[in-house]
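Q: Residue numbers for the sequence shown follow the numbering used here, beginning at 25 and rising by one. Handing you a structure now.
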Amino acid sequence: MKYLKECWYMVGWADDFAPETLVPFTLLGEAVVIFRKSDGSFGALEDRCCHRLAPLSCGRLEGDDVRCMYHGLKFNAQGACIEIPGQERISAKVRVRSYPALERHSAIWLWMGEGEADEQLIPDFVGVNHPDWAMVPGRMDYQAHYRLINDNLLDLSHLTYVHNASDSFAAEDQWALSKMQVQPISRGVRVGRWIEAARLPGTLGQSDEITDRWTTYDFLVPGIFLLYVYVFEAGTAARCNHQEPPANLTPLRQNFTCQAVTPLTEKTSSYFFAIGPNVEHADKKHLFFQMANTAFAEDRQIIEAQQKCIDRSPDVAIMPLAMDQAVTRFNRMFDEMIAAETGRLNLREVEADAVHQ
Ligand code: FES
Ligand SMILES: [Fe+2]
């Protein structure tokens, strides 16, 4: 199983990590233990003591250090062993791997690569306590390959069908029928489309108000979804020639969701999300969250069923169609990035072997 390593993966919301607690997390099949340090910053170590391979998450946090509670080895937040009971000299080889970990936008991010952890690559999430947005965070776990969840988010034509019954966010033919505009951006794709002359779903609008909505999302590696919805008076889409509305056109309302799909193992994934309106409509934030939760449970149901179907016949290929434009473009780029990174890693290994011969 090949993953992109040189990128940030979301491992939780900041509030999920209580002080003085070792939190085990499986990421890309690797067991990691995550903890808050005394200054509030984060540490992350391989969750396997190098002595006799007991999990460090069963250990004890002592200040910013982690003590294995099998035979007492103590490791600092960089992974170096700094104490071995009954032994004075400690070889530099006695260590565990450490991972760059940091908090940004109310979320905790881990860098899984060997290269420099580039903070510029942390996605533009909006967390709780933001001055412009009233966001509510959530998490859902999946028994499915993370890229099936990516594919679902990359193609919102599914809203018409998967979310048909619940009237959660869609229930409109237009998600499937409207023309989408797909363009490549750095590390992902941008997809925009108009939903015209439609009632806002559920109780989000003012009674039966009919509006046009410009919906635009960026989908970035390894599984980051940033969706803005701008609500305008009906007729705006036609006035904009069905193109992106100009930046100086003020919407009646707007809402945002940021989401991160994180592979735990080959077929288990975590799905983190925050959703909400701009702060002027903060009173509706729990409504947004409830509707999102309903919708995301519907997504999970079809995706986990899809995973079982794929497992029953793993050699059957998918059949991409016009609606899959964004999925296809993103996946091609993502596969190329993974292949390039894997190639570089292999090259480094070959070079290292040559040096040691
Ligand atoms: S297994 Fe950790 S100290 Fe022995
Ligand atoms: Fe969905």
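For each residue, glycine too, the CB sits at the ideal point set by N, CA and C.
From proline 155 to valine 303, what distance separates their C-alpha atoms?
A: Distance between the alpha carbons of proline 155 and valine 303: 7 angstroms.
Q: Listed by chain order, which residues have C-beta atoms less than 5 angstroms from any heavy atom of ligand 1?
A: Listed by chain position, these are Cys73, His75, Arg76, Ala78, Cys92, Tyr94, His95, Leu97.
Q: State the Cα-Cα distance for the pair isoleucine 342 and alanine 200, rounded to the nearest angstrom.
A: Rounded to the nearest angstrom, the two C-alpha atoms are 19 angstroms apart.
Q: Please state whether DSSP places threonine 274 in a helix, a strand or coil.
A: Note: threonine 274 maps to coil in three-state DSSP.
Q: Under the three-state reduction of DSSP, which class applies to asparagine 302: helix, strand or coil?
A: If DSSP states are grouped into helix, strand and coil, asparagine 302 belongs with the strands.
Q: Consider the C-beta atom of valine 186 and the heavy atoms of ligand 2; say whether any pair is separated by less than 8 angstroms.
A: The answer is yes for valine 186.
Q: Between the alpha carbons of serine 202 and tryptophan 218, how many angstroms are there, rounded?
A: So the alpha carbons of these two residues sit roughly 7 angstroms apart.
Q: Just to confirm the assignment, what range does the alpha helix (DSSP H) spanning tryptophan 199 have?
A: It spans 198-201 - the alpha helix (DSSP H) in which tryptophan 199 sits, taken as one unbroken run.
Q: Among the residues of its own chain, which have a CB less than 8 angstroms from the CB of serine 293, if the five just before and after it don't count?
A: If we look at serine 293 and ignore the five residues flanking it on each side, its Cβ neighbours are Asp165, Tyr166, Ala168, His169, Tyr170, Ile173, Val285, Thr286, Pro287.
Q: Is it a yes or a no for the segment 139-146 touching the segment 262-270, going by three-plus beta-carbon pairs under 8 angstroms?
A: Counting Cβ pairs under 8 angstroms, fewer than three are found: no touch.
Q: Once you ignore the five residues that flank leucine 180 on each side, which residues in its own chain have a CB closer than 7 angstroms to its CB?
A: If we look at leucine 180 and ignore the five residues flanking it on each side, its Cβ neighbours are Trp199.
Q: Helix or strand or just coil, what does DSSP make of glycine 367?
A: In this structure, glycine 367 counts as helix in the three-state DSSP scheme.
Q: Please return the same chain residues whose Cβ sits closer than 8 angstroms to the Cβ of leucine 276, not counting the five positions on each side in sequence.
A: Excluding sequence neighbours, leucine 276 sits near Thr235, Val255, Phe256, Glu257.
Q: Within the present structure, is the beta-carbon of asparagine 176 separated from the nearest heavy atom of ligand 2 by less than 8 angstroms?
A: Because some heavy atom of ligand 2 lies under 8 angstroms away, the Cβ of asparagine 176 counts as near it: yes.
Q: Quick one: Cα of threonine 289 to Cα of glutamate 54, how far?
A: Cα to Cα, the separation comes out at about 8 angstroms.
Q: Sorry if obvious, but does the Cβ on phenylalanine 320 come closer than 8 angstroms to a heavy atom of ligand 2?
A: Result yes, Cβ under 8 angstroms from ligand 2.
Q: Could you give the first and the last residue of the continuous beta strand (DSSP E) run that contains leucine 19?
A: Since the first residue of the chain shown is 25 and the last is 381, residue 19 is not available in this structure.
Q: Cβ-heavy atom distance between leucine 250 and ligand 2 below 8 angstroms?
A: Not so, every heavy atom of ligand 2 lies at least 8 angstroms from the Cβ.
Q: Per DSSP, cysteine 105 forms a beta bridge with which residues?
A: Answer is Phe99, bridged to cysteine 105.
Q: CA-CA distance, glutamine 205 and glycine 216?
A: Rounded to whole angstroms, glutamine 205 to glycine 216 spans 5 angstroms at the Cα level.
Q: How big is the Cα-Cα spacing for glutamate 107 and aspartate 88?
A: Approximately 14 angstroms between the Cα atoms of the pair.
Q: Taking only the alpha-carbon atoms, compute the straight-line gap between glycine 247 and proline 79 and give it to the nearest angstrom.
A: Looking at the two C-alpha atoms, the distance is approximately 28 angstroms.
Q: Taking the Cβ atom as the reference point for each residue, do alanine 454 and valine 152 lie within a distance shorter than 9 angstroms?
A: Given that the chain is displayed from residue 25 to residue 381, the structure contains no residue 454 and the question cannot be resolved.
Q: Going by the C-beta, is aspartate 348 closer than 8 angstroms to any heavy atom of ligand 2?
A: Checking the Cβ of aspartate 348 against ligand 2 gives no.
Q: Sorted by chain position, which residues of the same chain lie with C-beta nearer than 7 angstroms to aspartate 323's C-beta, five sequence neighbours on each side aside?
A: Only Asn176, Val186 meet the Cβ criterion.
Q: In angstroms with no decimal places, state the Cα-to-Cα distance between lysine 98 and glutamate 70.
A: Rounded to the nearest angstrom, the two C-alpha atoms are 13 angstroms apart.
Q: If you compare alpha carbons, which of Ser210, Gly162, Ala101 is closest to proline 147?
A: Nearest C-alpha to proline 147: Ser210.
Q: In whole angstroms, give me the CA-to-CA distance for methionine 136 and glutamine 102.
A: Approximately 14 angstroms, taken between the alpha carbons.
Q: From this set, Gln325, Val35, Glu233, which residue's C-alpha is nearest proline 124's C-alpha?
A: For the residues Gln325, Val35, Glu233, the minimum Cα distance to proline 124 belongs to Val35.
Q: Check whether the Cβ of histidine 154 lies closer than 8 angstroms to any heavy atom of ligand 2, and answer yes or no.
A: False, no ligand heavy atom lies under 8 angstroms from that Cβ.
Q: Assign leucine 273 to buried or exposed, taking buried as 16 or more other Cβ atoms, counted over all protein chains shown, within 10 Å of its Cβ.
A: That one is exposed.
Q: Would you mind stating whether threonine 240 and leucine 224 have Cβ atoms separated by less than 9 angstroms?
A: No, the Cβ-Cβ distance between threonine 240 and leucine 224 is not below 9 angstroms.
Q: Checking 9 angstroms against the spacing of the C-beta atoms, do leucine 46 and glycine 83 come in under that value?
A: Going by C-beta atoms, leucine 46 is nearer than 9 angstroms to glycine 83.
Q: Between which residues of its own chain and glutamate 244 is the CB-CB distance below 7 angstroms, once the five residues before and five after are set aside?
A: For the record, residue 244 in the displayed sequence is leucine; it is not glutamate. Pro147, Arg211, Gly212.
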